[in-house]
Amino acid sequence: MMYYGALSLTLATTLASAAAVIPRATATSLTTPSAVAVLNDPIARPCMAPRVVCLKQHAANLPYPFHRAAPDGRNIPTYGDTEIPADASWKHISTADFIVFDESRAADVLGDSPSVDFVLSVDANHIHEGPVFVPTQNRIYFSELSTNLPQFAIDLNQDPPSVSHFTADPPIYIPNGGFYHNNTVYFSVAGSNTSIPGLGEQRPGIVTLDPATNKSTTLLNNYYGLTFTDCDDLIVDPETGFIWFTAPYYSWWLELADIPPQTKSGTYRFDPTTGSTVIANDEMFSPNGIALSPDRRHMYISDSAASGLSAPISPDVPSPGGAGILYNVTGTRAIYKFDLVDDGRAIINKRPIYYDAIGSVPDGLKVARNGYVVTATGNGLSVMDEYGDMIVRVQTNFTVNNFVWTNANEYREVWMVGMGGVARLKWGLQGQEAV
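In structure tokens, the structure reads:
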């Protein structure tokens, strides 16, 4: 029997459009020309559906002067905060739910009636992560990266959906990534502590949850006797059963771990059949989101090193805490593409396909059924093709950390979770089926 504790939160019955309340960051003022130019060929124009704006030629050529303040970790100016006094059409960007970069391909992404609905307020001071959809229950599980032990569950069988707390048996301490495969939920665990209520000690690793019984089982909790730096996100290769996971330093920086990192950050391959763990890539400072293409030819991994690049890592230096995770605007904030080779055992030919300047850093990462790459970053999602060409930007009113497709309308519904909110996205882009 799965336990669901009482929770005072209820989902909003009126699902207001999220973009209408997008917070605006303060940008440096520009001197407005005495006569604002009225362009016959504006950069931005309403198109396709309500709250959708199309850009001319990816807005590659902006009229002078223009200015967008660089993010500093505390303030992350949105794309719409770009100041372009000579083009009044740019005002449409701030109030749009969808920004279209490639109109010819966006029609299939958006579908007939795209919408973004703000559903639930959550603590804006904490990251919310690891959303995983369980089709056998029609529920979404997600977690808060804090010392609060219970996780969240959204029951999609209710109308409107209901939300509650749940705690696994034994408890799972700060799961950061989630993946559903073969009637099992796989969590990558970020938390590290010796005195967890109902659990005692837990170190970063891989833990499974049987959603039918609420029983959790630890599969991996060390690397040759050393603790992992963190276990951030994970995927399960449906053909080989290998579990691939990323291990950055964020649990230490965010004071979610009681001991400093003992191993280097990296991306690992774990074989749950044999227990073998192998380093697959050690070239990223902060490997984060990870995803596999539907044809299993390519793997995508995001590196969010710009957030935390300057934070100290040493047994002799205390954790800097959240305030110490400085944002380095010139640091890495990219998505890399790899080729999956050697019977699904190795990744090679690392190349960047996306540098995240439209958001903050690429966090959660998924590949749609048609091969398009989708990442959570800043106040929304960015959709690109497998080569990194932007197609659509989805905007919300909170920082989106991760997202998951559900099977509504044949996997055309996405739920986004993050700092301050949970939102539901309805569009035409199909996700990969949870199997």
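According to mature numbering (1 follows the signal peptide of the UniProt record, and there is no 0), the stretch in the sequence shown is residues -20 to -1, 1 to 415, in order.
Where is the CB? At the ideal position from N, CA and C, for every residue including glycine.
All values reported here derive from a predicted model rather than from experimental measurement.
Inter-stretch contact (C-beta, 8 Å, three-pair minimum) for the region 180 to 188 and the region 159 to 170: yes
Residue 147 burial status per 10 Å Cβ neighbour count (16 or more: buried): buried
Reference residue 151; option with closest CA among 99, 138, 131: 131
Residue 347 to residue 247 span [Cα, whole Å]: 18 Å
Length of the line joining the Cα atoms of residue 395 and residue 406: 9 Å
Check whether residue 343 and residue 308 have beta carbons under 8 Å apart: no
Contacting residues, own chain, Cβ-Cβ under 6 Å from residue 341 (five flanking each side not counted): 284, 286, 287, 313
Same chain, Cβ closer than 8 Å to residue 351, five either side skipped, listed in chain order: 273, 274, 275, 365, 366
For residue 358 and residue 54, the rounded distance between their alpha carbons: 12 Å
Within 8 Å, strictly: CB atoms of residue 320 and residue 279: yes
Residue 47 - containing alpha helix (DSSP H), residue span: Unbroken run through residue 47: none, as it is neither H nor E.
Contact set for residue 323: own chain, Cβ-Cβ below 8 Å, skip 5 residues either direction: 220
C-alpha distance - residue 72 paired with residue 82, whole-angstrom precision: 17 Å
Contact check, residue 386 vs residue 113, beta carbons under 8 Å: yes
Distance between beta carbons of residue 109 and residue 162, contact taken as under 8 Å: In fact, because the Cβ distance is near 22 Å, the residues do not count as touching under 8 Å.
Residue 109 - partner residues in DSSP beta bridges: 123
Inter-stretch contact at 8 Å, needing at least 3 Cβ pairs: the region 93 to 109 / the region 41 to 59: no
Residue 195 - containing beta strand (DSSP E), residue span: 195 to 200
DSSP-derived helix/strand/coil call for residue 169: strand
Three-state secondary structure (DSSP) of residue 327: strand
Collapsed DSSP secondary structure at residue 344 in the structure displayed: coil
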